[in-house]
Amino acid sequence: MTLQPLTPVNCAGLLQPGFSLLQLDGEVLFFGQKGWPKRSCPTGVFSVRFTCGEMKLRAISFSNDSCYLPPLRCPAVCRLDPYDGLPEGYLIHGGRTPNNEISSSLYVLTTDSRGCNRKLTLRCKEKELVGEVPAARYGHTMSLVHSRGKTACLLFGGRSYMPAGERTTESWNSVVDCPPRVFLFDLEFGCCSAHALPELSEGQSFHLALAREDCVYLIGGHSAASDSRPPRLFRLRVELLQGSPSLSCEALATGMSISSAIINRTGRTHNYIILGGYQADSQKRMECSAVSVNEEGIHFEPLESPKWTPDITHSRTWFGSSAAEGSVLLAVPTEGRPSQADMHYFYKVSFPTEEEAGGEEGIQGCSQDSTDYDSTPLEDSEELYFGREPHELEDSNDGEADNYNEEDEEDESQTGYWIKCCLGCQVDPNIWEPYYSTELHRPAMIFCSRGEGGHWVHAQCMDLSETLLLRLSQGNKRYFCLDHGGLPHQEMTPPRQVQPLKLTPMKVKDRKTPASIKMSPAKKLFLRRLFE
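For the sequence shown, this note's numbering assigns the number 123 to the initial residue and increments by one for each residue that follows.
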């Protein structure tokens, strides 16, 4: 097992805890970026390339008939394998948006086409569920089960906001574990049913799920109610009968205390490796485990861990996802390193696959990586290229112009609603949530009259109550922010001094004055006597 440092090329700001890596048509795809998609990649899905110790992203486009797929953190992701008679693709359910809204939608992501320039185009469709539909959630898992010639999808666990009737101002953003119900739905019609099992008495999130035929194994997980990670292991058995499905649950003794771990398959058979995760709050699980699932059950074996670097050993948190068979992308924050331009250190963990180890090849069933993360591989697609063979393009730089570059994006933090309004500004566009009832997609702002020409500040950063904000927004009043006058206060705008208009008589152009007759006093006296 080897550990290779990676240098992200102008893309480190996109990766965040809860992202997913997918594998479609031989490419590794990154999904779940930080913030909303921008103009350079409106789909929010990128192709990932690892070359010469560097990690590069390239924007992926959707077909014209695709729906919008928001960037989701911690969704449930389930791979659709071609051997099941289904097109290669992924089911994506739930997750959190950059505004911390929790999704309840189900998306189907498949390959649409690949041009002669090797550019991959995807198709995304929203699948409508009917019946007992699972509520919006994140941190849950989905797995495919096969029974009696039928295929269904099993969904379990997750976390969501408190019910609307129980939410208060103080607990508005509090999350709780979803009720421990198991949901089954078919892929053709979307008919969904919910099942309560007595063995599942407590909700769990960020667990692992592995499936083989009609069995699904649920490993570990975190409970928000007890704030613990009990060593749990459940085996769910599903029978897809003609009428309604039948489910049974069995609690096994060989459980594992773990949450938010990364699971990676090592080949076509049901052999996996569990890497990362947490045993307790801020206590990482540094050990690795090999897992095999067969007809007899599930078996765990300790596995030698890679030689961790000091940055990994001393970090309190870490996250990542499965990047290929025998490959994992791992990230740790650059804690206490203000000189570092990037926010995280990235590593690629590699270990032998079954083909490299000479293991036997079998049919790959549905495996679901649980927790915040997901899986995919890295080999280039093998198809017909005009004039050149695929191996001739391995070192080609034809796609360098398509590589994603963060510097090409507009800096929205300096303009609009997401400015840094003051030294203690609390508004982060990536984690912002509505605070006032008047807010929807943007934070409320108020104009401060002090300074050169005044400036805009966020009402939440000024600790304004909603009543005061509405009062200041109405009428003819001034407001001074905390940096210009201490406590926020209001003043009446002085009445406007209206200067009276100075009316000047209009001058008539070329005006002629009447001619005056000059007479002596004697002539005046003569004329007066004449007319009398």
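Even glycine gets a Cβ: it sits at the ideal position worked out from N, Cα and C.
Cα-Cα separation between residue i and residue j, rounded to whole angstroms
{"i": "Phe356", "j": "Ala383", "result": "17 Å"}
{"i": "Val167", "j": "Phe141", "result": "11 Å"}
{"i": "Ile553", "j": "Cys174", "result": "34 Å"}
{"i": "Arg161", "j": "Phe152", "result": "17 Å"}
{"i": "Val415", "j": "Ser437", "result": "32 Å"}
{"i": "Leu652", "j": "Met641", "result": "15 Å"}
{"i": "Gly546", "j": "Gln582", "result": "11 Å"}
{"i": "Pro164", "j": "Gly576", "result": "35 Å"}
{"i": "Gly398", "j": "Arg407", "result": "6 Å"}
{"i": "Tyr467", "j": "Leu128", "result": "8 Å"}
{"i": "Ser551", "j": "Ala286", "result": "Sequence inspection shows Pro at residue 551; the Ser mentioned does not correspond to that position. Taking the straight line joining both Cα atoms gives about 25 Å."}
{"i": "Ala375", "j": "Trp294", "result": "38 Å"}
{"i": "Arg236", "j": "Met123", "result": "34 Å"}
{"i": "Thr475", "j": "Arg354", "result": "28 Å"}
{"i": "Leu143", "j": "Gln405", "result": "24 Å"}
{"i": "Glu223", "j": "Gln548", "result": "19 Å"}
{"i": "Ser282", "j": "Glu310", "result": "27 Å"}
{"i": "Phe172", "j": "Met584", "result": "45 Å"}
{"i": "Leu136", "j": "Thr439", "result": "18 Å"}
{"i": "Lys429", "j": "Arg572", "result": "57 Å"}
{"i": "Ser366", "j": "Ala333", "result": "21 Å"}
{"i": "Leu594", "j": "Cys543", "result": "18 Å"}
{"i": "Thr273", "j": "Lys249", "result": "16 Å"}
{"i": "His662", "j": "Glu417", "result": "Shown here, the chain extends from 123 to 654; a query on residue 662 therefore has no answer."}
{"i": "Cys133", "j": "Asp403", "result": "29 Å"}
{"i": "Ile541", "j": "Cys603", "result": "15 Å"}
{"i": "Lys646", "j": "Pro622", "result": "48 Å"}
{"i": "Ile420", "j": "Glu149", "result": "30 Å"}
{"i": "Arg289", "j": "Gly154", "result": "28 Å"}
{"i": "His580", "j": "Thr291", "result": "19 Å"}
{"i": "Asp147", "j": "Arg180", "result": "15 Å"}
{"i": "Lys423", "j": "Gly377", "result": "The residue asked about is misnamed: residue 423 is Glu in this sequence, not Lys. About 12 Å."}
{"i": "Thr560", "j": "Leu586", "result": "13 Å"}
Beta carbon of residue i nearer than 9 Å to that of residue j
{"i": "Ser444", "j": "Ile385", "result": "yes"}
{"i": "Glu176", "j": "Pro130", "result": "yes"}
{"i": "Thr219", "j": "Pro193", "result": "yes"}
{"i": "Glu372", "j": "Glu321", "result": "yes"}
{"i": "Leu369", "j": "Val304", "result": "yes"}
{"i": "Gln138", "j": "Arg195", "result": "yes"}
{"i": "Pro302", "j": "Ser323", "result": "yes"}
{"i": "Ala331", "j": "Gln145", "result": "no"}
{"i": "Gly94", "j": "Ala198", "result": "Residue 94 is absent from the model: the chain starts at 123 and stops at 654."}
{"i": "Tyr558", "j": "Leu591", "result": "yes"}
{"i": "Ala258", "j": "Ser226", "result": "yes"}
{"i": "Leu319", "j": "Leu340", "result": "no"}
{"i": "Leu202", "j": "Leu191", "result": "no"}
{"i": "Glu588", "j": "Asn221", "result": "no"}
{"i": "Val338", "j": "Val450", "result": "no"}
Residues of its chain near residue i, where Cβ-Cβ distance is below 8 Å and the 5 sequence neighbours each way are ignored
{"i": "Gly271", "result": "none"}
{"i": "Ser350", "result": "His344"}
Sequence-distant residues of the same chain with beta carbon closer than 7 Å to residue i, five excluded per side
{"i": "Cys313", "result": "Val252, Gly253, Phe307"}
{"i": "Asp661", "result": "Residue 661 lies beyond the stretch modelled for the chain, which goes from 123 to 654, so this question has no answer here."}
{"i": "Leu425", "result": "Ile395, Cys410, Ser411, Ala412"}
{"i": "Met284", "result": "Ser293, Ser296, Val298"}
{"i": "Ile182", "result": "Leu151, Thr165, Val167, Phe168, Ser169, Leu242, Leu244"}
Cut-off 6 Å between Cβ atoms - residues of its own chain near residue i, not counting five sequence neighbours on either side
{"i": "Trp578", "result": "Met567, Phe569"}
{"i": "Leu452", "result": "Gly442, Tyr469, Val471"}
{"i": "Asp517", "result": "Legend: pLDDT at Asp517 = 44, less than 50; position of this residue unreliable, no value from coordinates given."}
{"i": "Tyr394", "result": "Ile385, Arg387, Val413"}
{"i": "Ser269", "result": "Asp336, Val360, Glu361, Leu362"}
{"i": "Ala316", "result": "Glu254, Arg303, Phe305"}
{"i": "Lys156", "result": "Leu136, Gln138, Asn552"}
{"i": "Asp605", "result": "Cys544"}
Contact belief for residue i with residue j at Cβ below 8 Å, rounded distance in angstroms
{"i": "Ser411", "j": "Ile396", "result": "4 Å"}
{"i": "Gln401", "j": "Ser427", "result": "At roughly 14 Å, the Cβ-Cβ gap does not stay under 8 Å, so Gln401 and Ser427 are not in contact."}
{"i": "Cys189", "j": "Lys247", "result": "6 Å"}
Cβ of residue i within 9 Å of any chain D Cβ
{"i": "Leu151", "result": "Within the model displayed, chain D is absent; a lone protein chain is all it includes."}
Stretch pair the segment 250 to 267 + the segment 275 to 282: three plus CB contacts closer than 8 Å:
By the Cβ rule, the segment 250 to 267 counts as touching the segment 275 to 282, because three or more pairs are nearer than 8 Å.
Inter-stretch contact at 8 Å, needing at least 3 Cβ pairs: the segment 545 to 565 / the segment 226 to 245
No, they do not touch.
With three or more C-beta pairs closer than 8 Å as the rule, is the segment 321 to 331 touching the segment 340 to 359?
Taking a cut-off of 8 Å on C-beta distances, the segment 340 to 359 touches the segment 321 to 331, as three or more cross pairs fall below it.
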